[in-house]
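I have placed the structure first, in the form of structure tokens, so that the comments after it can refer back to it.
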Amino acid sequence: MTKKKSKFARYSLGDKSFLVCGYLLLGLFVLAIIVPIIYIIFASFMDPITLQNKGITFDFSKWTLTAYTRVMENKQIWIGFKNAVLYSVLSTVLSVLITMLAAYPMSRADFKGKGFFNIMFMITMYFGGGLIPTYLLISKLGLLDSMWAILLPGAFSVYNMIIARTYYLGIPAELQEAASVDGANELTYFFKILLPVCVPIIAVLAMWCFVGMWNSYFDAMIYLNDSKKQPLQLVLRSILIQNQPEAGMISDMQSTAARAQLAELLKYATIIISSIPLIVMYPFFQKYFEAGLMAGAVKG
Numbered sequence: 009m010t011k012k013k014s015k016f017a018r019y020s021l022g023d024k025s026f027l028v029c030g031y032l033l034l035g036l037f038v039l040a041i042i043v044p045i046i047y048i049i050f051a052s053f054m055d056p057i058t059l060q061n062k063g064i065t066f067d068f069s070k071w072t073l074t075a076y077t078r079v080m081e082n083k084q085i086w087i088g089f090k091n092a093v094l095y096s097v098l099s100t101v102l103s104v105l106i107t108m109l110a111a112y113p114m115s116r117a118d119f120k121g122k123g124f125f126n127i128m129f130m131i132t133m134y135f136g137g138g139l140i141p142t143y144l145l146i147s148k149l150g151l152l153d154s155m156w157a158i159l160l161p162g163a164f165s166v167y168n169m170i171i172a173r174t175y176y177l178g179i180p181a182e183l184q185e186a187a188s189v190d191g192a193n194e195l196t197y198f199f200k201i202l203l204p205v206c207v208p209i210i211a212v213l214a215m216w217c218f219v220g221m222w223n224s225y226f227d228a229m230i231y232l233n234d235s236k237k238q239p240l241q242l243v244l245r246s247i248l249i250q251n252q253p254e255a256g257m258i259s260d261m262q263s264t265a266a267r268a269q270l271a272e273l274l275k276y277a278t279i280i281i282s283s284i285p286l287i288v289m290y291p292f293f294q295k296y297f298e299a300g301l302m303a304g305a306v307k308g
């Protein structure tokens, strides 16, 4: 009885070489991501003097929770965390809703003016008003120092709309025909029939929007003045700046060195703290991510 060859054994020499090279490159890419993450996790628990002099050590007597204690004792951290969650959730809901609503007519062949709106959308992908005109617009609208200055300017993404439109194009037209026969109007079809079918692409867009808003700090730095409205990323940035040694501090070299070491340690701790929500959230979206992304990118 002859042993059945494996799938890899049936490949040609060229295909085998290509696959081996691909797996090696993929392995190097994974290592390039995992190794820095592991280093940051270990470094955040290290004594700053030991980390500076010896690097990472597994002598647990040299480990400390100083960085996490200093960060978590700051009450502004919890305010920033609450604001970051609020902004990210609201931004995700608003952005996904607007994107799905805008993509639906753009996917319809009978939508008059489709070409005109498509050109208008494409122009905004390559040309923007710039920081100063945008700031003046936000100021004239009375949105300065409010959460709407953070949520509204980035609520619509043309790229996300194109992905959602392409996903719509992959849905059989018979679905709408069946809904029309049953007496469903456009709103009923969209909210009760179409959106439940689009859960994978909605999950992908929600993941992108949440991560983008969670990591964003520049808009908050420009438009928000009240410290009680600042998101987590801006609060962590302030903590790092406060603990940096100031220029000209040469009177007490020991104090300057200690502050520099603590600032380095705080840097690792803030990276871990700000990444926890994304790490916790990703497993819940993973099963939809590949299906939604591929279906929205290949068809059309």
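For the numbering used here, count along the sequence shown from 1 and bump the result up by 8. No residue lacks a Cβ here, since even glycine has one placed at the ideal position from N, Cα and C.
*Please go through the same chain and pick out, in chain order, the residues whose beta-carbon is closer than 6 Å to the beta-carbon of T100, but skip the five residues on each side of it.*
Answer for T100: A214, C217 and F218, listed in chain order.
*At which residues does the alpha helix (DSSP H) containing I230 begin and terminate?*
Run containing I230: F226 to Y231, per the alpha helix (DSSP H) assignment.
*Do three or more CB pairs link the stretch 236 to 246 to the stretch 84 to 97 at distances below 8 Å?*
Yes: at least three Cβ pairs fall under 8 Å.
*Buried or exposed: A17, going by 16 or more other Cβ atoms within 10 Å of its Cβ?*
So A17 counts as exposed.
*Quick one: what's got a C-beta closer than 6 Å to L144's C-beta in the same chain, skipping five residues either side?*
For L144, same chain residues with a beta-carbon under 6 Å away, outside a window of 5 residues either side, do not exist.
*Rounded to whole angstroms, what's the CA-CA distance from L274 to Y95? Just pull it up for me.*
The C-alpha of L274 lies about 25 Å from the C-alpha of Y95.
*Please classify M54: is it buried, with 16 or more other beta-carbons within 10 angstroms of its beta-carbon, or exposed?*
The residue is buried, with at least 16 neighbouring Cβ atoms inside 10 Å.
*For S52, count neighbouring C-beta atoms within 10 Å of its own C-beta (all shown protein chains included) and say buried if the count is 16 or more, exposed if not.*
Buried: at least 16 other Cβ atoms inside 10 Å.
*Between the CA atoms of S246 and G308 - distance to the nearest angstrom*: Low per-residue confidence applies at G308: pLDDT is 46, beneath 50, and the placement is therefore not dependable, though the value from the model is reported in the following sentence. Rounded to whole angstroms, the separation of the alpha carbons of S246 and G308 is 46 Å.
*Where M215 sits in the DSSP three-state scheme*: Reduced to three states, the DSSP call for M215 is helix.
_Rounded C-alpha distance that separates M155 from T74_ = Going by the C-alpha atoms only, they are around 33 Å apart.
*Going by C-alpha distance, which of I230, P56 and V97 is nearest Y289?*
In the sequence on display, residue 289 carries Met and not Tyr. Cα-wise, what sits closest to M289 is V97.
*Ordered along the chain, which non-local residues of its own chain (more than five positions away) have a Cβ less than 8 Å from that of S25?*
Nothing listed; no residue qualifies.
_Does the stretch 195 to 211 come into contact with the stretch 101 to 118, if we say contact requires no fewer than three beta-carbon pairs (one atom in each stretch) closer than 8 Å?_
By the criterion of at least three beta-carbon pairs nearer than 8 Å, the stretch 195 to 211 is in contact with the stretch 101 to 118.
_Cβ-based neighbour list, V79, same chain, cut-off 7 Å, excluding 5 preceding and 5 following_ = So the qualifying residues of the chain are I85, I247, L274, A277, T278 and I281.
_Rounded separation between Y175 and I158 - CA only_ = The alpha-carbon atoms of Y175 and I158 are separated by roughly 28 Å.
*Can you tell me which of the three DSSP states S259 falls into?*
Unreliable placement is indicated for S259, whose pLDDT of 47 sits below 50; no coordinate value is reported for it.
*asked:* Does the structure place the stretch 129 to 141 close enough to the stretch 164 to 174 that three or more beta carbon pairs sit under 8 Å?
replied: Taking one beta carbon from each stretch, the stretch 164 to 174 and the stretch 129 to 141 have 3 or more pairs nearer than 8 Å; the two touch.
_Reduced DSSP category for M314 - H, G, I as helix; E, B as strand; rest coil_ = There is simply no residue 314 to check, as the chain begins at 9 and stops at 308 in what is shown.
*If you check the beta carbons only, do Y19 and I146 fall under 8 Å apart?*
I146 sits away from Y19, with the two beta carbons spaced by 8 Å or more.
_Comparing C-alpha positions only, which one of D67, K148 and A181 sits nearest to D118?_
Cα-wise, what sits closest to D118 is A181.
*If we count the other Cβ atoms within 10 Å of its Cβ and call it buried at 16 or more, is P141 buried or exposed?*
An exposed status is given to P141, since fewer than 16 other beta-carbon atoms sit within 10 Å of its beta-carbon.
*Taking all protein chains shown into account, decide if C29 is buried (16 or more other Cβ within 10 angstroms of its Cβ) or exposed.*
Result: exposed.
_First through last residue of the alpha helix (DSSP H) which encompasses P180_ = That residue, P180, is in no alpha helix (DSSP H); it is neither H nor E in DSSP.
_Once the 5 residues before and after S224 are set aside, which same chain residues still bring their CB inside 6 Å of it?_
Counting only Cβ-Cβ distances below 6 Å, and skipping sequence neighbours, we find nothing.
*asked:* Please identify the residue among V104, G22, N126 and G138 whose C-alpha is closest to the C-alpha of D345.
replied: No information on residue 345 is available, as it lies outside the stretch 9 to 308 that the chain covers here.
*Starting from L139 and walking both ways along the alpha helix (DSSP H), at which residues does that stretch end?*
Per DSSP, L139 belongs to the alpha helix (DSSP H) from L139 to K148.
_Taking only three categories from DSSP, how would you classify M54?_
In the three-state reduction of the DSSP assignment, M54 falls in the strand class.
_Buried or exposed by the 16-neighbour rule on C-beta atoms within 10 Å, applied to I209_ = Classification of I209: buried, given that the 10 Å Cβ count is 16 or more.
*Buried or exposed: where does M257 fall if 16 or more other Cβ atoms within 10 Å of its Cβ makes it buried?*
Summary for M257: the model assigns pLDDT 46, below 50, so the residue's position carries little reliability; its value from the coordinates is reported in the next sentence. Residue environment analysis places M257 among the exposed positions, since fewer than 16 neighbouring C-beta atoms fall within 10 angstroms of its C-beta.
*State the Cα-Cα distance for the pair P161 and M221, rounded to the nearest angstrom.*
One C-alpha to the other measures close to 12 Å.
*asked:* Rounded to whole angstroms, what is the Cα-Cα separation between T72 and I106?
replied: Straight through space, the alpha carbons of I106 and T72 are spaced by roughly 47 Å.
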